[in-house]
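Residue numbers (our numbering): 157 to 537. All residues carry an ideal CB built from backbone N, CA and C; glycine is no exception.
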């Protein structure tokens, strides 16, 4: 039985990282409060104590800590301590922070990728598997209702045996040297890991393809580039994929694609049909049965199934986007945490990325780097 058994009401949430000037911290806070299932009560929002305290005061967070270790120890002892923690630090801190909270039975909701290195990821995996706590990874694009719809259509056999999977995630914001906090740590292998665009957005594309198709990747061949002078991590990647069962695919991720903002797109083609979904128009899913006209399925519209409906919040025609999809991951995690309080399994249908997805992402980054160093040789992730 969970040590939080008998606790009622919203989940008391803490946050590590995400102080003033941090984009993703604000996104996590919005996502956590959207459905009313969390209450943010504690934080170690910066590695600079004064900034951490100032950020907590500005956000109205009651308890501020100078470092995450002190926070984990103190909150674990409190009767009103946190039940879960959101980790929104640069990648190299994900593992150390997560382990401190997991070993004290505090659930972890961690930004992606899992860690900076595969070795550190394996240490975190061991800690997560031993802990009496959930580990959630915020691959937020799996929270979109029409992504859930696409997954259900593939699983139903509507496309037949899968043949081709194309996924891409181009951005253009780093097409020239960028001097800001977000770009700076991403170009530092010590903090971001060896993967640049592959770790930052390639893992999202890879996870999306895996989530919707259910197919495992047997081998990949990657060509990574650092187009901007002085860049230490890749800013563009072309990756060929061989899936189990004979399907073939290609993944393109880029942060130097001028004109693109967040153009995540997935196309899947099988023996009897095809699917297309684009993140920048997320309420629409195109389904083309073989020999029939192309069909548009919209969120909560005619033909949409229960998988999309259960993670939708508004009627058809009212757009739901990035923040709502992110909030779906938090909401799904909350349902699992509520069940954990009672010593029960999560309700049927509740789905969120976890430690296994994180390990797959890290193996993807590692394989891309190994392949590219061998002139795009085929390697096993």
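In the three-state scheme derived from DSSP, where H, G and I count as helix and E and B as strand, residue 362 is classed as helix. As a beta-bridge residue in DSSP terms, residue 170 pairs with 198 and 241. By DSSP's assignment, residue 406 forms a beta bridge with 322 and 396. Under the 10 Å beta carbon count, residue 487 is surrounded by 16 or more other beta carbons and is classified as buried. Between the region 217 to 225 and the region 465 to 477 there are fewer than three inter-stretch CB-CB distances shorter than 8 Å, so the stretches are not counted as touching. Excluding the 5 residues flanking it on each side, residue 253 has same chain C-beta neighbours closer than 7 Å at 172, 224, 243 and 245, in chain order. In the structure shown, residue 491 adopts helical secondary structure according to DSSP, grouped into three states. Membership of residue 423 in the beta strand (DSSP E) is indicated by the continuous run 421 to 426.
Taking each of 169, 522, 367 and 345 in turn and checking the Cα distance to residue 302, the smallest one comes out for 367. Taken through DSSP and simplified to helix, strand or coil, residue 215 comes out as helix. With a cut-off of 8 Å on Cβ pairs, the region 279 to 293 is in contact with the region 253 to 262, counting three or more such pairs. Residue 271 carries a coil assignment under DSSP once its states are collapsed to helix, strand and coil. Following the DSSP letters along the chain, one finds residue 530 in no alpha helix (DSSP H), marked with neither H nor E. Beyond the five residues adjoining it in sequence on each side, residue 374 comes within less than 8 Å, by CB distance, of 398, 399, 400 and 536 in the same chain, given in chain order. Check the Cα spacing between residue 532 and each of 380, 179 and 422: the tightest is with 380.
Exposure of residue 501 is indicated by the presence of fewer than 16 other C-beta atoms within 10 angstroms of its C-beta. Note that the C-beta distance between residue 513 and residue 293 is below 8 Å. Judged by beta-carbon spacing, residue 426 lies within the 8 Å limit of residue 317, meaning their Cβ atoms are closer than that value.
The beta carbons of residue 406 and residue 322 sit about 6 Å from each other, so the pair counts as a contact at 8 Å. Restricting attention to 204, 475, 378 and 525, the CA atom closest to the CA of residue 454 is found in 475.
According to the DSSP assignment, residue 381 belongs to the beta strand (DSSP E) that extends over 373 to 381.
Between residue 439 and residue 364, the C-beta gap is not smaller than 8 Å, which leaves the two residues out of contact.
For residue 329, the secondary structure class from DSSP, reduced to helix, strand or coil, is coil.
Of all C-beta pairs linking the region 444 to 453 to the region 322 to 337, fewer than three are shorter than 8 Å, placing the two stretches out of contact. In the DSSP assignment, residue 265 forms a beta bridge with 242 and 292.
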